[in-house]
Structure formats: structure tokens, C-alpha cells
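S.K.: Okay, here's the structure, questions in a sec.
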Amino acid sequence: MEFLLSSAVGLLTAAGVYLVLRARTWPVVLGLALLSYATNVFLFATGRLVLNRPPVISPEALAYTDPLPQALVLTAIVISFAMTAVIVVMALRSFLESGSDHVDGEDQPVPAENRESTEGRA
Amino acid sequence: MAHVPAQTARPPLLRRWFPHPLLSLALTLIWLLLINSFSAGGLLVGLILGIAIPRLTSNFWPDRPKIRHYGKALRYILLVIGDIVVANIQVARIILFRPVASLHTCWVSVPLSLTNPEAITVLAGTITMTPGTVSCDLSADGRALLVHCLDAPDAEAAVREMKDRYESRLQEIFP
Amino acid sequence: MEFINELVVAALIVVGASFALVGSWGLVKLPDLMSRLHAPTKATTLGVGGALVASMVYFLALNGTLSIHELLISLFLFLTAPLTAHFLAKAWLHSQQPKDLPQPENRNWSTFDAGSERH
Amino acid sequence: MTHWIIAPVVLPAIMAPILLMGARHDMVLARIFSIASTVALLGIALALTTMVSDGTILTYALGNWVAPFGIVLVADRLSVMMLVLTAVLALAVLFFAIDGSDRDGRHFHALYQFQLMGINGAFLTGDFFNLFVFFEVLLIASYGLMVHGGGPARMKAGVQYVVINLVGSTLFLIAVGMIYSVAGTLNMADLAVKVPHIAAGDQALLQAGALLLLLVFCIKAALIPVHFWLPGTYANAPAAVAALFAIMTKVGAYCVIRLYILAFGADAGAATWLAAPWLLPAALLTLVLGMTGVLAARRLGQLAGFAVIGSMGLLLTSIALFTPIALSAALYYLLHSTLAGAVLFLIADLVARRRPGHEDGLSVAPGFTQLKLLAGAFFIAAIAATGMPPLSGFIGKLLMLDAALDSVHAAVIWTLILGTSLIAIIGFGRAGSTLFWKSTGEPGSFPEHAEKNSLSLIAIGLLLAGCVGLTLFAGPLTTYLDATAEQIFATDQYIEAVLGNTVLPGGSL
Amino acid sequence: MIEYAIYYAYVAISLGLLLNLWRLFKGPGSVDRVLAVDTMVINIIALIIVYGIQTGSTMYFEAALLLAMFGFISTVAYCKFILRGDVIE
Amino acid sequence: MSLALIVILPFLGAILPALMIRAGRNACATSTFTVTLLAFLLLMTHAPAVFRGEVLQARWEWIPQLGLNVNFFLDGLGFFFASLILGIGLLIITYARFYLAKEDPMGSFYSYLLLFQGAMVGIVLSDNILLLLIFWELTSLSSFLLIGYWKHLPEGRQGARMALTVTGAGGLSMIAGMLILGHIAGSYDLSVILQHKEAIQASPLYLPALLLILGGCFTKSAQFPFHFWLPHAMAAPTPVSAYLHSATMVKAGLFLMARLWPVLAGTDEWFYLVATTGLITMLIGAWIALFKDDLKGLLAFSTVSHLGLITFLLGLGSPMAAVAAVFHILNHATFKAALFMNAGIVDHETGTRDIRKLGGLMTLMPIAGTLATIAAASMAGLPLLNGFLSKEMMLEEAAHTAWLGNDWIVPALATLAACFSVAYSFRYIVHVYFGKPAGETPRHPHDPPFGLWGPPALLVVLVVLIGLFPATVAGPLVATVAGAVIGSPLPDYHLAIWHGLTPALGMSAIAVAVGLGLLAGYLKVRKLWSAGPHPEAKAMFQAVIAAAVSVAQKITHGLHNGSLQRHLAFAIGAAVVVGFGAFAAASHAPGQRELLPAAPVAIVVWLLLVGATIALVALHRQRLVSLIAIGVIGMVVSLAFVYLSAPDLALTQISVEVVTVILMLLALNFLPKETPVESSGGRRLRDGLIAALAGIGVGGAAWAMTTRDAATLSGYYLEQSVPGGGGTNVVNVILVDFRGFDTFGEIIVLGIAALTIYALLDGATRGAVGRKLAAWVPDQARSADRHPLMLVVATRVMLPLALMVGAFIFLRGHNVPGGGFIAGLVVAIALIMQYMASGYSWAAQRMKVDYHALIGIGVLIAAATGIVSWLADYPFLTSAFDHFHLPIIGEFELASAMAFDTGVFLTVVGAVMLALANLSRIGGLTETPVPNEGPMEPDLSATHPREH
Ligand code: NA
Ligand code: NA
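Protein chains in written order, with our numbering: chain A, 1 to 122; chain B, 123 to 297; chain C, 298 to 416; chain D, 417 to 925; chain E, 926 to 1014; chain F, 1015 to 1962.
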């Protein structure tokens, strides 16, 4: 089980990283989403893997899984959701502004006529 | 949460508090289903929610659909459940045992007598849930239903069955 | 009695699971989307339905606890399954624009009827 | 018990929703609320300063749950100093913003208050997951502020800024997970207690986690090679926001100071001084690259951005020496570079507004109104930023050079600090003479419609006065900072203050 | 007996899920893929219910309930997107 | 106190001219003059004490930790320099009043001048080398302003930048040297340092310190090879050249060498570094001066040469040489300042400084001509003038100096330099004032007003007086100053015109003769000069700077090309390196934890995840498909949470998933629907490699972590959850109680996200973007059916149902999986479904909720729950709960955490709705809005009138 989880986390990370490195906002956003799955599961796994022992106190239960990582992951899920929402809308607005969803751009160079003349270089 | 649109006249008090009495009842029941137990406290909360939620959402369901015969409605539900079981078995058989080439798939247009939107919806749903048919679209004027049949050698018969078995019953239930 | 209960539960589970599998198989086997649409909307509904009823019986009879909230899921599924199919069909109609559709009397199917655009 | 510790977090957290609800449609009201809140924050920070100036470490157990189980806030000299710095900067920048740019988009003041809340929380918290939460608060508020007003270039830069930081947040969580998985705690003081006893077989996980966390802080602190977000972000953000962001890089530096002395410092067993070998080369490289960028910049805003990178390199160089004296010097420089960095962006913006078609490009353009005033302000700011005498930059540099003398790497550090100073001088000299001395002769089209921007000039004046103040009161300040540095290195005091009355249950689950 | 039934169910539903995955890969159209995912949701609900029976826990019921609700909503959203581009208009 | 006042006065006074300029140019100049005069007089009040050999001190603490204190002291050397600075300053101020043109901004000129003056006085009076450094750099800064005073002239700007660069670099070198020096001596106070000669010279750090300090001195005093900036600084107005570049600033380096002479001089290192540099500079400066056609250029190189001369003397390290150095400093200041002012007069009167265009001015401006002749003769070293005396002393010292065992090379070179010196001095006289004019000058010259010739005349008087009566006029001063420099008893010397037939006299004679010869054959010599290579310092400097800038730009713009991909590749690459590096560097042992068996269903779920992930990467260019795949992954992850005992996480993940999908669909409407293939194969390979390494790293860490036993605090939470937190769902109790502060931050994050989204979208409705949106044409065919009837009907039923579920999940959260956050999402999704079914405007019309306010109220409620604890003097967010009993209803629990959770709930609903509603609102901008009253039956109402 541990191997399944670890390899899944690894795969999600790898896929996320690969997509994040693409040249358009959309795959980047997808990559970020994958990365947030990966980290959430990773963080969750810090409580180790336990079957059928949810951290809900009950007289019958013999043992519980570590509740703290779950609480942390919950916070992390919410935050990454908020972040995803913002980046999606930001990507949208950026696309609307510039008409392009490229993220592999060049700096806009200063127009040639405004450049420093030779003496300005000293 | 919701405000009554200004253009509509204020409905009577009872109507305002219980825009959908049946819904309120259903919600209270659903609450009991949800909490998976029965207690006085639970019932109270269920009642409060059952009253509050329809009231809060009444703007989104402005007109109360009238149901003429509750008994017929119940019978209709039972009929449909039975048909669903049959449908599943039929379709399962088709999927498992019939070669694809032997299927008589076809489109049919089912002219509608029903006008009530709720009724049309129920009919469309029923058609989809029962043997070999999926209701795919409504005509723009709401007078016909486009249905896809998975295996209907006789399209006319299929249309007739739909109208007789379901639509006529629904016409009795909905005014 | 317990055996009967177990038998019922087991049977329901087996039947439900079988339907689930058949539905998914139909999804693979059937040749076009409209045909495929028939498979999951039915088979899987009954599949899940079977499992849900099994769960209710199980908790009621074998566990001694009344578990009726499964009904709610059934309700949801029964309410939504036709809608899902309806929408998938409309989406398919819109994206494929099939030519062999029967025409309704006055207006076209709403997916195509530009006249229904109210502006 | 004093509840003042949490006030720097709660006050803006309440003020922002009030701004959201009450003052959303009334800019005047919003400005008044925003300023009042920021002034109050300054007052609270100063009050806290008096409380901790005798060396007391105040703690605050949220929800009355003892550390390490609950979240604890810690106010010591360092955190309180950061609060004061934040408030001062925020107040000055707010003056600039209410000169009109707060109208460019929605919710400026609410976002601003949330931003302050996040920053203050990050400085106060003693729990590193809570630190993550506050990081996110300050980041997301910064996203909103960064794109305030919009425009293609700004949006594009904004997307980059957000994406980089999202990757950083991801890394943060992974690092926290790795540390938690072997240390089993989220409390910094508790971590400091546990790190020395971590089994040898678990060290790799622990140290990898800790160093990845360091990398996250370095992203915030704009250290090479994770500094790339900064120039574009700062150059394209609204000026007031870029100026406020001067404190954001310091949040990264603060976290490095806090965690890598407390938990991975002198008594960390196998992880002793974990950060040093990684941090120092990166910091020095950052210093060089930052100042190189100053020389290469084509716009004033860009120049200011690279100057900030360079100053972060310098700051972290001194931090990376991990000695009390170097830390004290670094803290002085931290105060200085925050104010000096911020003012550059404000000046760049006023210049840009007066040179339509040229903006802040380092190109020859017609003269403009208030040229002399802005030239003077730039000259002073440049003196501060390049570390020329007599302003605080020089003193900070002297302090750091002096502190680095004991290092085995003194020669390299000195050479780079002094060499990059020269590059900075050349860069700033070029920029200033092009912008303020050269002009095409004909008066610009702008002067007639020029605003006086009195409030903006006040903001610039306040920040420059801050630099002067740092210079004049360098004596008492260094005394305070020496004490601060000593307190940070006396990790026992911190641990005692946080965990003093907690009986730790032994063993693992 | 129930144990065996549950194992059977796991195998059957899992197979079903893998078939859904195949359809997801294969497509060919977006609608096919939406259908595949929709079916997957329903299979997963079944899986959760069976798991609940196996563990004798009602803890997972809400997960199934929400999946049922939200699976529907996302399917509708995908379809609405294919139909109109604008999911909410 | 008054010592400090001398330093501070010019600084304080610097404001005056800037203010007084409004009262006129005279007022401006007068105020400047007065300030300087005041400082000068203050200084003079100390003269008796200084001449008595006393050392005055004034000390204030500034930064004691650093050893940087405001300590001043006044001894002979300081007094001498301060007098020069302030005395010549008075003359310059007067001169400048008449020199500056009407359009020159005089206020700032005098302000800069006073700043400079203050800095210079500061240097010479500092008793703390760090303080001295501050003043040192201030001279660089103020001279930058002065040189660049005529900012419209490119030469001015370039000269200023060059001077700043060179002296700035020197200053930095000096900082290092001084810090080392202070480190060796254990104090930064000069008076202390001067006591530690042995310790300093014995220290291994002596040579580095010496090199670094000399770096500062040589650049400031324009010593070879740093001399090139000085001539270019001549772009400054002449008063500036006269003041800074002959009398004061360039002497700062000399001052410092003299100041530190007692502790640094006397070693071989000192001799070979300083004396050699001085000698070379003296020679080269004089040689180049001979061929400068610009009057000020000639004087500038002459200054370089004389500075070299003095440096040479100081470098010799003998007391006698030191005396000579001091004497020459005084003499040079007098004649050179006079000559600079004279050059200014010529420029002012004729409109040119080009020697080739000048000639025969003696007849036109006899006063100026006479003054120039005397001063230049002194510069040439003709007897009866002060220049002669100190030059003789220099030659005398040179005659006795051996260099690497060779005892003729130094005298020879010194003599040669003297020859050139004579030649260019006479050239100044002959080619300007005698002979016939080479052509028409731009202006017709005549003697200037007294204001311009008075100051140089005063200096020329001194030239003559000292030359005639050296012992009387300069004797006491030289003795006092030299005493201060040497720090030990003075050598036996006397200042006199006649020392007998010494070697020096012979060398002088040769110099005069050869010099005159050179001038006579000037044209031939000049040809020789022209034939040789002339490294043009300015061009070289500019080339170096340009190269530096170009390299900097290549590095900077090459690295920072604005590509997000590159930034991310670096960041992730760094994480990979740091992660693996740190892992490899530390000890690691495989975990011992007993592993969970992998159930077949788990394997299938894993396969689903892997399959969906691969599908996503493979199909990511089809954006809708990628979104579908993401949905699957999210679902599988929530399934994993279910399986691994985390029901709360599963619920949250499922809910978040839907909202995310809807949000992305809304955005995708406007975005391109396909991602083109852009990156090259190599790029993809690189990215794949980074991705694989990152995946292996994180996956490996997960493996390492999950396979070892845990250390955790969870026992406490499990124990305390019910008794301390009043809830059985420990995760929820942690969220709203143990770590409620995290949640507080978390909802704020969500709220801010919504505000940001709102601001972003609101901004998109206006301006250019708004127009773009209005003109937007959908890039895909749209179906006619906006609001399918079946959905509308179904939603009517589902909305109340979903709200019920929301309420359910909210109320139970504290004890079983659920809670405010998930409930908020459920409710929001239910509402969104309503929007989806009936359209934005229809739904919005019926739901007049201010989502901003909802967020605000939510946060405020959460905060208020926290603050209420203050009333009982408990910390923020301290919870309280109790169990109550009511008839019929039975026992129930009320907890303050519920109020907190309500805040969470409201914020979540508000935030999600604000974001989604606004996102859908901009969709509405793209078409003419139609208020859809009855979204349910588009045309039914027409065909079938409704009964209601
Ligand atoms: Na059917
Ligand atoms: Na509490």
C-alpha cells in the first residue's frame, strides 16, 4: 500500500511538474492542480497509512489514525483551492488583456530610439 | 436569503410560509433519512429546516405544481420502478449477448400532450429510465420529445407505448 | 434468519456489482455514443441501487442499526440519471449535428432551434 | 495575560471586513479607516516594543491550548521589531496609495489590511504550519494587490508571480510534511527540542525537509536561483504595492533567521548549522547578480527591483554567517534596505507618471515638473541604496563588513560586497544622470497638467526620513539589535518561554 | 458469504472502472469522455457503499452522497460547456 | 564643540544658498561666503593653540558597537588643510560669483560647494577613520554634483560619472583598508591608531591594508594609473576645478598619506609603492601636460604631475622629504589655484580655452597676464617664487634616493619631470600671453572685473611672499604641519632661497634649460608626441564601462528573459538539487514500519489514478479533455482518502473538485480550447527529466516517510477532543478549536481570493478589456438551448434538497465528518446549480445577497468568537461548550466552536459565490443582456398560456 501511495504521489508530482513547465497558462494551471493533489496526499501520508480507523471518537473504535495531518491537509486543500481559483481568473484576465496566454514571453524592450546613446553608456 | 421580486404581489401568509407544503414534508423526511435515526430533537430540527428551506428558496420555484391524484402518482412511481428493473435486465442482455450489428437503433419523435413543465420532465425522465429508450431533446415549442431507441424494430409501436404507458398516466396526475 | 439476511445482502451486492460491470462493459462495447448512453444510465443505476439496498438491509438486519440514508443517494441518482443522459444526448446532438433526426411538427429540437434564442 | 500580542493580526483582520462591508463604496471613509488601522498597528507595535525591550519573550497560546499542541504566538525583540518596521512602511506607503492609485481597482484597502494581517501573523507565529497559513494569507493578498489596476504587462507579471509562489507553497507543504513525519511536531520551539534527538536514520528526511523549507524562504527572499519572480513583479506592480513588497522579501529572511538558528542552529545535533553551507554561496551570488542587474537595467523600476535582489543577497550573506554580531548587522541592514528599497519604487513611479511615452525607461525625455525635487529624492535614495555615506546603507555595510572579518570567507565576502557596491554606484549614477540630467531640452507636454502629488511626496519624504533616522540613531539601534541578536542565539530562552509550562508526553503514538 | 460477495463486487466494480478508464482514453469525443467519467462516478459510489458494508461503518456515506450530487453537477457543467461554451449565462 | 561646529557649519549652511537665491545672486554668494568665513574664523581661533603644538579634541559617541564615533581632533596637519580648504574656499566663492553666468542656477552651485567644503573639513578633522571614510565618500558625492553641474553638457555628465566611479571605487577600497587597519590597531580612532606603528607594520594584514588604503589615496589624488579621471573632471565650471581639482579634493589622498605616514611609512613596501607611483605620475603628468591645448587640461595634467611629486616625497619616507611634501602642498595650492582662476578668466574673456587659438593677450589684459606669468613661473620652479623652494627640496631628496640599488634613476627621472614642468609652464605664459594671436577669439578680451582677478592676485602675492621670505611667511606653519605629519622631532632643515651649490640646483638649472629648449622646439617635440601612441583614457574608460554594462545586460537579460518556464525550471531544479543533495549528505536508514498489504481494489484505484494522470498529460492539449481528466484524478484522490480513514478529507476534496471544474469551465469559455505544440523535443526532454527527478524525489520521500514509525502529538488531540473540545470528530475539533487559528487564516485566504477574483473581473468589465469582451465572438458554435427545461425543473427540486444536505453536514461536523467548510461548499454548489439552470440574471435577481457582506460577516463572526474569549481573559479563540437538556428534545450540545464554524460557513458561501457569480457575469457582457423572466419555458408560455 505504501508503495502504491508513494508511487502515485511521485507520478502526480512528475506530471504536475511537466505540465507546469509548459508554455501556456492552461497546462500550467493543470500542473499546479496536480501538484496540489500530490502535496495534499503527501502531507496526508505524514500520518502514515491506516485503514478504517477514522479519527472520530467512538466507544467501539480500538485505535485511530493521526488526525493532525488530516486537519492540515484540509487547510491545505482549501488554500490550494483558493489559489487555483485566483490563478485561473488571473490567467483569464491576462489573456483578455493581451490576447495571448503565453507565459514564455520576452521582456518588452525599450524602443530603439529611446535607448541610451553611446555617451550614455559611460 | 432571498427577496421576493418586487413585481409579484405578496402571496397570502400561509402560502408565504409554506410555498411547497409537500416539499416541506419531504424535506423533513429527508432530514430524518440523513440523520439516520429518529428522535424528537431530530424531528424538530427537520421541521424547522423543512419549513425554512422552501421559504428561502421559494423565489426559485415561484409556481407550485398541482398534483391531482396522489394515489395515482404513487402507483406511477411503483410502475416506473418495476419498469426500471426490467429495463436494466433488458439492456444488460443486449449488452452482453447481442451482436452490435443486430441492434435496431433509431430516433423517434414523441408528440406531447403534456404542457406542464414538471410533467414533461417526469415523462422524459421516465422514458430514459425505462427499457431501451433515452429522451434526448425537447422541441423548441415543447410539443415533442426526441427519443433514441437502442433496439426498436418498430418505431411507431415504441412511440405508442411511451404515450400510453406513461404520458396518459401523467396527464391524470398533473392538471 | 441470519442466513437469509446474509443471502439477501450477498445477492444484492452481487447483482448490483454485476450491473455496474455490465454497464461499463456496454460503454466499451457499444459502437456509438447514443447506444452507449443506454448502458450506464440503466445498468449503473441499478448497480448502485443494489449496493445501496444491500447496505440498508445489512445495517438493519445484521448490524442492528437502522440505516435508511442510503435511500437519499438512490433518490439523487434516480433524479439525476435521466438528466445526465438528456444532457449528454444534447451535447452529442450539438457536437455531431446528426442528419437523420425525425423533425417535430412546428419548431425544431431546442438544441438546434435558433428561433428559441430570445434576442 | 496580555492580548496585545494578537492585536497586530486581529485588528487588520477585523478592519478588512469592515472596509469590505461598510466602506466599500466610500473611498474617503475607506482611506480614513485604512489609515486609522495602520496608525493603530504602529501604536500597538511600539507598545509591544516597550514590553519586550527588557528581554521578555511574550507568548500567547491560542484557544488556551498549550504549545506544542495548540498554536502559539511569540513576541520577542525580533518579531516586534519586524512589526514596527511593517507598520512604518505600511503607513508611508499608504500615503502614497491614497494619493489616487487606490482608486485604480477594487478593494485596495481591504486587501492592504489583509496583507498586513498576513505579514504580522508570519512574524508572530511560533508554529510552522501556522506560518504556512500566514504565508498564504500574505501571498494571496499580495496577488490581489499586485494586479490592482490591471493592464497587460501587469497581468502577465502577476501570473508569473502567482505561479512561482504556488510552486513555493507546494514545496512548503512538502517540506513541512517531511519535517513533521520525523519530528512529529509543528511547533518551532518543540522542533528545536526534538531535532537534536532525531535518530540517525531519520536525519536524511529531516534535513532534506529543512533545506527544502529553506528554499521556500529563499523564494520569498529572492535568492538565486529562485529570485526570478522579483524583477518582473516589482517592476510591474503598482508602485505602492511594490514598495510594500519590500517587506515581503524580509519575511523570507525573517523565517531563515528564526528557524535556522532556533531549530537547526548550534545545538541541532547532526543538523547543526544546517543552512549555512547552502545559504552563503547563494547569497553571495545573489548579491553579484542583483547588482549586475542594477547596471543592466533599462528602466528605473527594474533597477530598483535588482537593487532589492542585491540587497537581499547582502542581507542573507550576513545572516548566513550565523554569528550574533553578523546577525545584528544584518538586522540593521534589513531595516535600512526595506525603507530604501521601498522609496525607490515610489520615486520611479512619480518619474514614470511625468514622462508619458518614456515612463521610467532610462532614456532621454523632455524635462518635467518637480524634476529637481525628484532628482534630489532619487539622489538621497540612491545614496542609501548603494550604501554610500552618510546614510544608513553605509552604516549597515560597515557593520556587515566588520562582522564578516571573523569569517573564514572574509576575503571573498569583502571583495564581493565592495565590488558590487561599485557596480551599484555606476548603475545608479548612470540612471540618475540619464533621468535627471539629460533631457531633450523642450519642456514636456506633461507639466501643465502635472499633479503636485503632495501625499506621494510626503510618503517619499517619510521613508527617506526613516533612512536618516536609522543613521542618526544608529547607536541606540545597534544596542537594541545586539540584544536582539543575542536573544535569538539564546535559543533556550525562546524554548523556555514557549514550552516552559508544558509537560511533554513522551514517546510516539 | 457476504465477504465473498464483497470480493466479487470489488472485482466487478474495479473491472468496470478500468473499462471506464479505457473509454476515457479512447474518447473519441468529449461527450464520450464525459460519459465515461459520469459512469466512473457511479461505479465509485458503488465501491464506497460496498466498502461501507465491509467495514460496517457509516462514516463514508456522506462521501457517496456528495459524489452523487456533485458528479451530476459536473457532468451537467461539462455538457453545458459543450453546448453553449458558457456554463452559467 | 567648536571643532565640530567648523565641520557642521558648511553642512548647515548648505541650505542657505538654496534659500537665499530667491533674494538674489549677491545675497546667495554673500551667505555662502559668510558661512565659510565664520568657519574659517572659528578655525583661526584655534591657531595659537595649534602653533603651540597642542592637539584639540572633541568626541561624541555615535555607534560605539562599531567603533564609529564622532571624534574630531585638530593638530597642525588638520589645521593646515582646514585653512587651505576654507581659505581658498573664500576666494573661490568670491570668484564664482562673477564667473557664473546668469542662467546658471547659482543656489544649487553654492549648496553643493558648501557640502563639499564640509566634507573636506570633515576629512581633515576626523579622529575616527570610519568617520573620515564617511566624509571621504561625501567628497566623491558632492564633487559628482559639482562636476556634473552643467548637466546639459555631455562632458559634464560623463566627467562626473567617471570621477564618481574612480573615486568611488577608491573609496570602497579605502573602506576595506581602514577596517583592516582599525582591526589591527584595535580601534578606529586615529589618535589610537597612530600609536600602533609596530603592531601595524608587523601584522600580516599590513600589506593588504596598505594596498587598499593606497587604492583610495591614489584614486582620489589622481595617481597613475588612476589619473585619467581628473582631466575629464575639468568639464566642471572653473571655480570647481580650481577648488576641488587643484587645492582641496585631490589633496585628500595626500592628506591621508600624510596623516597615516607615522604608522604606514618607513617600510620597503611603502617606499616602492608610494614613491614609485609618485615618480611615474610626476613624469607622465608633466609630459602629457606639455601637449594639452586646453588651458584647463594643461593645468589638470600639471596638477597630476605635482600630486605625483608630493606623493613621491611622502613615499620616500624620510622626515626631510615629509617636510618638503608639506611645503609643496602649500605652494602648489597657491600657484595652482591662481592659475586655474586665470584660466577661467581667459575662458571668460575670450570665450575659448584652446591655446592654439590664443596668443598675445598680455597687451589686452595686462593684469591677468602678469598674475599668470608669476604663478606659472612659480609652477616652473623659477627662483624667488615659492614653487622653486619646494621643488628644490624635492630634487635634493631625489638626488639621494636609490631605487632597487640604482642611485641615478630617481634623480634622472625627477629632473626629466622638472624639464617638462618648466616647458609646459612656459608654454602657458608664452603661447597665451605673448606672441601674436593665432586668430580671432569668440569674444574680445580685456581685463576682468576685480571680483575675478582679486582672488588670484591674493594668491600670487602669497606666491611671491613665500618665495622671498619662506622662513618668515611659511616657516612656522611648515614646522607645525611637518611636526604633525612626522609625529617625532623635526629634522634639521631651513627654508631659504639659497642653499649653496647643491646637486638640486644643478638639476634645476638643467630643467630650466631643457624646458626652454623643449618649448623652443615645440613643434618638433609635438610631432614626436603625435607619432607615439596615446591611450585615450576617456575612450578606454568608456569602453570598459560599456563592456561591463554589456556583460551585465547579457547576463541579466539573458537570465531574466521573462519566461515563466525558465523561472520554474530553475526553481524546481533547485528544489531537486537541494532535496537530493541534502538527502544524500545526511544519514538515512530504511524504515522498519510494518507495511499495509495492497488490496486488489487499491491496486485498481491506483491504476485509475495512473491512467487518468497519463491521460491528462497525453491529452492536455485538448483543454476540455484535460479538465475531465483532472476531475477523475480528484475523484480518485478523494476515494483514496475514504479508503485511508479520512472521511473529512474525502468530502472536502469532492466538493472542492466540482467548484474548481465549474470555475475552470467558466474561464475556458474565453480561453483557447486547444494548446498548440510549441516546445521543442529537447525542451520536452529537459522538462521530462526535471519532472521525473522531482517525482522520484517526492515519491521517494513519501516512501521513506510512510515506511517508518511516526512520532506524533496526536495522542493529545485524541484524548482531549471530547473533554476539551466537546466534539468526537477530532479533525473538526482540531480545525475549529485546537488549531482554529489556522482555520481563521484559511477562511481569510478564501475571502481574499474571492475579493481578488472580484477585482480582477470587475476590472475586466471596463476599459479596453471591457470593449474586447463586448466584441467577443465565441470560438465554438453554440447550441440554441440556453436553459434546458428539464434542468430547470430538476433544479427546483434539487436546490432545497441540496440545502438540506448542507445544513445536515454543517450541524453534524463537530462529531462526525462534515463541518462549516464542506457545508458552505455544498450550499454554494447548490446555488451555482441554480445559476447554471436558470441563468445568471434570473437567479441573481432572485437572490439579492451581497456576497461581499457575506464574506465580511463570516470573517467577523469568526473573529468575534475569538474575541469573546477576551472578556473572560482567555486567549483568542478559546472555546466553550456545554450540554443542555430540554424536555422532549432531549440532550443537546452547544459549543462556541459552532459559532466559529458558522463564520467559516458564511465566508465559504460568500467567497465561492462571489467568485463564480462574477465569473459568470462577465460571460453576460459578451452579449446583449436579456432579462429572462421565465427561464423555464422559453416558448411554452407563448403556445400554452400558464394557468398560474
Ligand atoms: Na428508457
Ligand atoms: Na479552544
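Cβ atoms here follow ideal geometry from the backbone N, Cα and C, with glycine treated the same way. Small disclaimer: the values here were computed from a predicted structure and weren't measured.
Where threonine 1666 (chain F) and isoleucine 77 (chain A) are concerned, what is the direct C-alpha to C-alpha distance, given to the nearest angstrom?
M.R.: Spanning the two alpha carbons is a distance of roughly 8 Å.
S.K.: Which of the three DSSP states is assigned to arginine 1722 (chain F) in this structure?
M.R.: Arginine 1722 (chain F) falls in the coil class under three-state DSSP.
S.K.: Could you give the C-beta distance for methionine 1355 (chain F) and glycine 1311 (chain F), rounded to a whole number, given that I count them as a contact under 8 Å?
M.R.: 16 Å between Cβ atoms; not a contact.
S.K.: Pull up the distance between the alpha-carbon of alanine 1382 (chain F) and that of leucine 787 (chain D), whole angstroms please.
M.R.: For alanine 1382 (chain F) and leucine 787 (chain D), the distance between alpha carbons rounds to 40 Å.
S.K.: Using the beta-carbon of each residue, which ones in chain E are nearer than 9 Å to methionine 1818 (chain F)?
M.R.: Simply none; closest approach about 11 Å.
S.K.: I believe isoleucine 1189 (chain F) touches leucine 700 (chain D) by the beta-carbon criterion, under 8 Å. Please report the beta-carbon distance rounded to the nearest angstrom.
M.R.: With 8 Å as the limit, isoleucine 1189 (chain F) and leucine 700 (chain D) do not qualify as a contact, their Cβ atoms being about 18 Å apart.
S.K.: Mind checking who histidine 1897 (chain F) pairs with in its DSSP beta bridge?
M.R.: According to DSSP, histidine 1897 (chain F) bridges with F:Glu1907.
S.K.: Apart from the five residues just before and just after arginine 1826 (chain F), which ones in its own chain have a Cβ nearer than 7 Å to its Cβ?
M.R.: So the list reads Gly1832, once near-sequence residues are dropped.
S.K.: Between the stretch 1794-1806 of chain F and the stretch 365-375 of chain C, can you find at least three pairs of beta-carbon atoms closer than 8 Å?
M.R.: Judged by Cβ distances under 8 Å, the stretch 365-375 of chain C makes no contact with the stretch 1794-1806 of chain F, as fewer than three pairs qualify.
S.K.: Can you list the residues of chain F that leucine 92 (chain A) reaches, using a CB-CB cut of under 7 Å?
M.R.: The contacting residues are Ala1681, Phe1684, Leu1685.
S.K.: Once you ignore the five residues that flank alanine 1041 (chain F) on each side, which residues in its own chain have a CB closer than 6 Å to its CB?
M.R.: Result list for alanine 1041 (chain F): Met1034, in chain order.
S.K.: Confirm, please, whether the CB-CB distance from valine 1619 (chain F) to serine 939 (chain E) is below 9 Å.
M.R.: Yes, the pair counts as a contact, with Cβ atoms nearer than the cut-off.
S.K.: Measure the Cβ-Cβ separation of leucine 334 (chain C) and histidine 226 (chain B) and say whether it is below 9 Å.
M.R.: Their beta carbons are not under 9 Å apart, which means leucine 334 (chain C) does not touch histidine 226 (chain B) by this criterion.
S.K.: Using a Cβ-Cβ cut-off of 9 Å, state whether lysine 285 (chain B) counts as contacting chain C.
M.R.: Not one chain C Cβ lies under 9 Å of lysine 285 (chain B).
S.K.: Which residues, taken in chain order from the stretch 258-279 of chain B, show a beta carbon closer than 8 Å to some beta carbon of chain C?
M.R.: The stretch 258-279 of chain B vs chain C, Cβ under 8 Å: Cys258, Asp259, Leu260, Ser261, Ala262, Asp263, Arg265, Ala266, Leu268, His270, Leu272.
S.K.: On the premise that aspartate 1756 (chain F) lies in contact with isoleucine 421 (chain D), defined as a C-beta separation below 8 Å, what is that separation, rounded to the nearest angstrom?
M.R.: So it is not a contact: roughly 17 Å between Cβ atoms.
S.K.: For the beta strand (DSSP E) that asparagine 405 (chain C) lies in, which residues bound it at each end?
M.R.: From DSSP, asparagine 405 (chain C) is part of no beta strand (DSSP E); its letter is neither H nor E.
S.K.: Going by the DSSP bridge assignment, what does threonine 586 (chain D) pair with across the sheet?
M.R.: Per DSSP, none; premise fails for threonine 586 (chain D).
S.K.: Let me know the secondary structure DSSP gives methionine 1950 (chain F) once reduced to three states.
M.R.: Low per-residue confidence applies at methionine 1950 (chain F): pLDDT is 45, beneath 50, and the placement is therefore not dependable, though the value from the model is reported in the following sentence. Three-state DSSP puts methionine 1950 (chain F) in coil, outside helix and strand.
S.K.: At a Cβ threshold of 9 Å, is asparagine 360 (chain C) touching chain E?
M.R.: Chain E contact via Cβ: present.
S.K.: Going along the chain, which residues of its own chain have a beta-carbon closer than 8 Å to the beta-carbon of glycine 1754 (chain F), five neighbours each way excluded?
M.R.: So the list reads Gly1880, Leu1891, Ser1893, Ala1911, Phe1914, once near-sequence residues are dropped.
S.K.: If you draw a straight line from the alpha carbon of tryptophan 1150 (chain F) to that of arginine 1039 (chain F), how long is it in whole angstroms?
M.R.: Those two C-alpha atoms are separated by around 30 Å.
S.K.: My parser needs the alpha helix (DSSP H) runs of 4 or more residues fully inside the stretch 1423-1487 of chain F; what are they?
M.R.: Segments of the alpha helix (DSSP H) lying fully in the stretch 1423-1487 of chain F: 1423-1447, 1464-1482, 1484-1487.
S.K.: Thinking just about the alpha-carbon of each residue, which of D:Gln619, D:Gly721, D:Pro433 is nearest to the one in histidine 643 (chain D)?
M.R.: Nearest of D:Gln619, D:Gly721, D:Pro433 to histidine 643 (chain D), Cα basis: D:Gly721.
S.K.: Looking at the C-beta of glycine 1648 (chain F), does it have a partner C-beta in chain A at a distance below 9 Å?
M.R.: Output row for glycine 1648 (chain F): interface = yes.
S.K.: Assign tyrosine 985 (chain E) to one of three DSSP states: helix, strand, or coil.
M.R.: If DSSP states are grouped into helix, strand and coil, tyrosine 985 (chain E) belongs with coil.
S.K.: Could you tell me the distance, in whole angstroms, from the CA atom of leucine 1019 (chain F) to the CA atom of leucine 1874 (chain F)?
M.R.: Approximately 59 Å, taken between the alpha carbons.
S.K.: Can you name, in chain order, every residue of its own chain whose Cβ lies under 6 Å from the Cβ of aspartate 205 (chain B), other than the five neighbours on each side?
M.R.: Closer than 6 Å at the Cβ level, and outside the excluded window around aspartate 205 (chain B), lie Thr252.
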